[in-house]
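Only one structure is covered here, and it is reproduced in the block below.
There are 4 protein chains.
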Amino acid sequence: MSVEALRVAVVGAGYWGPNLVRNFNEAPGADVIAVADLSRERLQPIRKRYPSIRITTDHREIMSDRAIDAVAIATPIKTHRALCEEAFAAGKHVLVEKPLAGTVEDAEAIVRAAERAGRTLMVGHTFVYNPAVTTVRRAIERGDLGKIQYIDSQRVNLGLHQFDFNVLWDLGPHDVSITLYWLDEEPTWVQVTGGCFVQSDIEDVVWMTMGFPSGAIAHAHLSWLAPGKIRTMTVIGSKQMAVYDDVTAVEKVKIFDHGVERLEPDELRRAYRAGDIHSPRVPVTEALQVEARHFIDSIRSGTPPISDGNAGLRVVRVLEAGSSSLRLGGVRVAYDAAPEKVATPAK
Amino acid sequence: MSVEALRVAVVGAGYWGPNLVRNFNEAPGADVIAVADLSRERLQPIRKRYPSIRITTDHREIMSDRAIDAVAIATPIKTHRALCEEAFAAGKHVLVEKPLAGTVEDAEAIVRAAERAGRTLMVGHTFVYNPAVTTVRRAIERGDLGKIQYIDSQRVNLGLHQFDFNVLWDLGPHDVSITLYWLDEEPTWVQVTGGCFVQSDIEDVVWMTMGFPSGAIAHAHLSWLAPGKIRTMTVIGSKQMAVYDDVTAVEKVKIFDHGVERLEPDELRRAYRAGDIHSPRVPVTEALQVEARHFIDSIRSGTPPISDGNAGLRVVRVLEAGSSSLRLGGVRVAYDAAPEKVATPAK
Amino acid sequence: MSVEALRVAVVGAGYWGPNLVRNFNEAPGADVIAVADLSRERLQPIRKRYPSIRITTDHREIMSDRAIDAVAIATPIKTHRALCEEAFAAGKHVLVEKPLAGTVEDAEAIVRAAERAGRTLMVGHTFVYNPAVTTVRRAIERGDLGKIQYIDSQRVNLGLHQFDFNVLWDLGPHDVSITLYWLDEEPTWVQVTGGCFVQSDIEDVVWMTMGFPSGAIAHAHLSWLAPGKIRTMTVIGSKQMAVYDDVTAVEKVKIFDHGVERLEPDELRRAYRAGDIHSPRVPVTEALQVEARHFIDSIRSGTPPISDGNAGLRVVRVLEAGSSSLRLGGVRVAYDAAPEKVATPAK
Amino acid sequence: MSVEALRVAVVGAGYWGPNLVRNFNEAPGADVIAVADLSRERLQPIRKRYPSIRITTDHREIMSDRAIDAVAIATPIKTHRALCEEAFAAGKHVLVEKPLAGTVEDAEAIVRAAERAGRTLMVGHTFVYNPAVTTVRRAIERGDLGKIQYIDSQRVNLGLHQFDFNVLWDLGPHDVSITLYWLDEEPTWVQVTGGCFVQSDIEDVVWMTMGFPSGAIAHAHLSWLAPGKIRTMTVIGSKQMAVYDDVTAVEKVKIFDHGVERLEPDELRRAYRAGDIHSPRVPVTEALQVEARHFIDSIRSGTPPISDGNAGLRVVRVLEAGSSSLRLGGVRVAYDAAPEKVATPAK
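Residue numbers (the numbering used here), protein chains in the order written: chain A, 1 to 347; chain B, 348 to 694; chain C, 695 to 1041; chain D, 1042 to 1388.
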């Protein structure tokens, strides 16, 4: 790759696409060349704001343009596989929005296509580029928290209801990608229970639990029905505890020097330690800008991005197992098993 | 029952017993006559503070004292059945701490003993006498919230670990009793998953889900491992939403005039209503004082208390089903079924 | 005035100017025609984002352009008078940033120039167009709060230090304009005390007090030296109390049904009423958009805007009196007096 | 002083007296022997709870009892001088509630009486024994905050209105004693402005400012008219900032590694540093228990307590100067001047 700017095209100008345009436009080392969308109406704001960017309603114009190095795809999930395969066939690097695909089968096909093409595949799990998420990861890596025992997450707000997939597939990718990034391991089993209250067939609230080989458990409450926006993940370690609150403007990460020291039956109350609370400064960088730059760097260096195809595939595997569990009334479903293979009850 | 003061004895002077002594002492219409505990040491503070109250290490002195009308029992769970049966056999009214018993079998035996004796049996589910809990119940009864869709609860803090039962049996009675009181129905199934991190066989964190005939779902995160004390229950109704926060000093109950109004595919974003937020004044009365007075009133009037034996039995049924679910890896266990009878997966 | 769009030019493209460009661009009924700034560098982002807007480094091009109906001025305070006079002489309507001027003399000259020209003069006291501020004003107008007793304001954050004026002139215009809008009266006296900690001659913290004919008192803590951003105004009325918090995302306005009911010496503790707390929904409209539309409407209808020249002049009068008080060690300075005329001590 | 327990009597059994009885009762090294109050009714709860403590309606019984070593006085302010003088004349050590007296003259007389008697005089400025206040003091002593620039305090709540003195004398002693303890210097001037809203002659809200030789300024908003209870003191230092919040259950003290680093005109925005936030663990000890023990230790060791007579006198001096300022409309009154001597305006 030369030192010239990476020429990027964006496919999909709905809710997220314009954010990709803006961030690649601002990122050093990249130029946004073209934007495609089926809807002329959605392209209008792009044209107005960035008169120099070419727009088109036919994404094939982008795929066939040899001047374009990379494609960022922000289209409905069910189109991801075809668009990714097309882009890789044309020799382009791909950033595709999360989740990578709606099925493990499609996700695997995309990963294989990237491997065959020898091109970079990155999945837009923006949160793993969020400075607060990184701050917690560093604390875990350094061993500050000790052995991770459990993670509890609240990710709820009022709306926005989707029509073609449920809240597990809408909000779940965030929790799963962050949790796998923090724990650095894949779950053993997934368990999801929930309810459909506004639409008859689409869950608007689910509770998801994942069990890990290390013994760690991760639980998440995901909901489109809540009185306020909550984005809180609590990490309980054997040494310290951390809370990551994505909604607050300050103190997004707090490390609690709290724990259970020892457990002698006759001195029960002394066993708890509630020490200092520390809130490390978290840079205010926009996560999507970090992500855009990481995509550019990964292409230039040829090293896989943090949220590469396999990371994206793991998330889809969890969601697919979770969907099976949901359908089966919340039984534990083995992480890598087909839906019909229900995991043996623990103990 | 004459207009004379009710003569109350308290059995058990550990953590909770002294609170019962203080509250019955302050309640009009009752006198605390005696306190029993196996440990002289635990009786010392009682003697010092209330020199006029008789103390004894033999609870049978209390049971056989015909001058005593009612007994409040705050002893370890496994002793509840024997003590209650003894008290009813002696013709006394009984207030017993929650949970009523450690098994459905014992709980049923206690309820039957009360019925045979024709005496009042009340279980110390203090939270159903908490003015904030009552405020939410009134809002539900009036239909302010519409149809209840789901309840999500966080009941976590650092410790206090127990040695003879897990966090489900320690904190669960609160959530179950409040939820059943609010919804006024019994669950269809119970599902519990969790982990043992500090002690090898005792869960210090569980997530419990209950499904109800009305379609409502209640979920609770119960934990002894958390960086801070959280006591928050969120009630999502089809019309409005409510949050009950037991930790905050003010605004313990908030009613959110929020909801999803209509769902036309082409006007998705307009479907959400975020209106006023109202925080009704909640009386600052101590819940245990309300409970003590309700016990006295129930005895005098001969009407069953809100948390009568059957209410207490229902809580034990849920906990027992929850224990089975926990053992089986979190499958749904039918509420009234024996542990081995696993509920049919939903849908 | 025809039904054609109002043709607006913006003078000053520093921190605030681009916000004016964006908001007039989005407001129905107005077109931004031109932007002037002495610095080509500051004009670049405007050119890039709005290629159709004419840019110039000579504001006289704007003043002499007969096609331009109105000018929005966002330049340093000391240039306000000359620019406003020039604009009015050219027959243009003017929106000028707050404070209207750095002295009462200049402010009066601007008001007179507007009157002579028969054109609309509006001062950019954006907060009086803030929906939360309007919500409190409505509550006061309806008498919900009763007689206003006092207002206490915290308006602090870390930086941004100015070099040519102090925190009183930087943050004070907000508090003064909001307070005068709410109370609908002019103060009798002003009292300011403060300190210079970072720069030797420029106060970075002041405490300002205003006394009003109605008996109301308004106090504000204004600071560039604080650990966090606080924007809270508390209004104490004889019937109810209100808190307006501009930093929070939800519940920006809370009305407390609290008060002191009666004061009989022998029943002191019963005299306090702490009732419901109500948080009315506040529209999320951007205040500057409301302001831009109000400017357009005022011009079209010929009626004076809420923050007209006289409103702006009153704010400058308060600030000038406050500066005198600051210089004199915090004595009460009569609101309409010349700086040397110190107010007689109260009582 | 022998190793025998100190025999303490409490004079005054109103609001605060019972707290003194309880704490001296619990403190090792002291026994509460007797309690006096003019009202038999107020003595009843003492008798009921502590049957072994002698009660009397004649405080002279206490003063003349040679078996009593120390007297804790919790009576109305205007009685402090006579009671203290009587106690010292009888050779007793004295803990007297704050403020030490209602006038500087009385306060000086008490200090002199203690000196003449060679007995310990301690004033009940409980907050200087509050572990959170001590934590901030330690941070200041270590130089963590750098040079203290200003302190801003909010000490407001709804009620409890007093009838014989205003909010300055009611809540002011807390702020003044804490501030003088933290800054370890006496103010140069005091400035107070305020209003009387509920009672015609008694201020229910005041704003007090103190200037110090070091250049530090301390400001406090004291009020009985507020929608909620706020107890927040913010300390701005040249290096770091601290917030002490007495209302919150956790994180009572936060240290902000925030500041203004340098101020070069062309790099203004880089001058602010917002670093980590640290919340040191604050012991949960009750301040009054610390105070009681410190009184006992001071008597035994013969060293003056932290809040000795002179500390109490300084507080009264500030309050008396503040009262003069309030009467004079808020001018700066020199700290050690007689009320009629108004300080020269600054600069």
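Quick reminder that beta carbons are idealized off the backbone N, C-alpha and C, glycines included.
Reduced DSSP secondary structure (H/G/I, E/B, other) of valine 545 (chain B): coil
Does the Cβ-Cβ distance between lysine 586 (chain B) and leucine 675 (chain B) come in under 8 Å? no
Between which two residues does the alpha helix (DSSP H) containing isoleucine 990 (chain C) stretch? 981-995
Length of the line joining the Cα atoms of isoleucine 930 (chain C) and glutamate 598 (chain B): 19 Å
Supposed close pair glycine 639 (chain B), phenylalanine 371 (chain B) - CB separation, criterion 8 Å: With the sequence shown as reference, residue 639 (chain B) is identified as alanine, and glycine is not the correct amino acid for it. Right, the Cβ-Cβ distance comes to about 5 Å (below 8 Å), so this counts as a contact.
Can a CB atom of chain C be found closer than 8 Å to the CB of isoleucine 1277 (chain D)? yes
Chain-ordered chain B contacts of serine 968 (chain C) [CB-CB under 7 Å]: Here residue 968 (chain C) is alanine; the residue named in the question, serine, does not match the sequence. Per Cβ cutoff of 7 Å: Arg628.
The region 502-515 of chain B in contact with the region 537-556 of chain B per 3-pair CB rule at 8 Å: yes
Of all the CB atoms in chain D, is at least one closer than 8 Å to the CB of isoleucine 911 (chain C)? yes
Taking just the CA atoms, how far does leucine 160 (chain A) sit from proline 977 (chain C)? 19 Å
Give the straight-line distance between the Cα atoms of asparagine 1060 (chain D) and alanine 1068 (chain D), rounded to the nearest whole angstrom. 12 Å
Alpha helix (DSSP H) containing alanine 1131 (chain D): first to last residue? Neither: alanine 1131 (chain D) is in no alpha helix (DSSP H) and is coded neither H nor E.
Best match in D:Glu1082, D:Glu1182, D:Ala1111, D:Ala1075 for proximity to aspartate 1338 (chain D) [C-alpha to C-alpha]: D:Ala1111
If you measure from the beta carbon of histidine 641 (chain B) to each beta carbon in chain C, is any gap under 8 Å? no
Distance between tryptophan 883 (chain C) and alanine 1028 (chain C) (C-alpha atoms, nearest Å): 4 Å
Ranges of the alpha helix (DSSP H) found wholly within the region 514-580 of chain B, counting only runs of at least 4: 514-530
So does glutamate 533 (chain B) have its beta carbon nearer than 7 Å to some heavy atom of the ligand SAM? Although the ligand SAM was asked about, the structure shown includes no ligands whatsoever.
Which same chain residues end up closer than 8 Å to arginine 810 (chain C) when comparing Cβ atoms and leaving out the 5 residues on each side of it in sequence? Phe782
Which residue from B:His472, B:Arg387, B:Phe544, B:Asn477 puts its Cα closest to that of histidine 406 (chain B)? B:Arg387
Tell me whether the beta-carbon of proline 99 (chain A) lies closer than 8 Å to the beta-carbon of valine 290 (chain A). no
Taking valine 1012 (chain C) as the reference, which of C:Val941, C:Arg736, C:Lys923, C:Ala912 has the closest Cα? C:Ala912
Check whether the Cβ of aspartate 170 (chain A) lies closer than 8 Å to any Cβ atom in chain B. no
For the beta strand (DSSP E) holding lysine 948 (chain C), just list the boundary residues, first then last. 947-954
For arginine 836 (chain C), the first and last residue of its enclosing beta strand (DSSP E): It is not in any beta strand (DSSP E) - arginine 836 (chain C) carries neither H nor E in the DSSP assignment.
For arginine 741 (chain C), which residues in chain D fall below 7 Å Cβ to Cβ? Within 7 Å Cβ-Cβ: nothing; arginine 741 (chain C) doesn't reach chain D, min ~23 Å.
What residues match up with alanine 381 (chain B) in a beta bridge as DSSP calls it? B:Ala356, B:Arg401
Does any C-beta atom of chain C lie closer than 8 Å to the C-beta of glutamate 598 (chain B)? yes
Arginine 81 (chain A): which of A:Gly309, A:Gly29, A:Asp336, A:Gly330 sits nearest, CA to CA? A:Gly309
Could you name the residues of the region 1354-1379 of chain D whose beta carbon sits closer than 8 Å to any beta carbon of chain C, in the order they occur along the chain? Arg1368, Leu1369, Gly1370, Gly1371, Val1372, Arg1373
Contact check, phenylalanine 821 (chain C) vs valine 827 (chain C) under 8 Å by CB: the rounded distance? 5 Å
Cα-Cα separation, isoleucine 747 (chain C) to lysine 48 (chain A): 13 Å
Please say whether histidine 952 (chain C) and leucine 1263 (chain D) have beta carbons closer to each other than 8 Å? no
What is the DSSP secondary structure of proline 18 (chain A), reduced to helix, strand or coil? helix
Interface residues of the region 145-156 of chain A facing chain B [CB-CB below 7 Å]: Gln149, Tyr150, Asp152
Bridge-paired residues (DSSP) for leucine 43 (chain A): None; leucine 43 (chain A) has no bridge partner.
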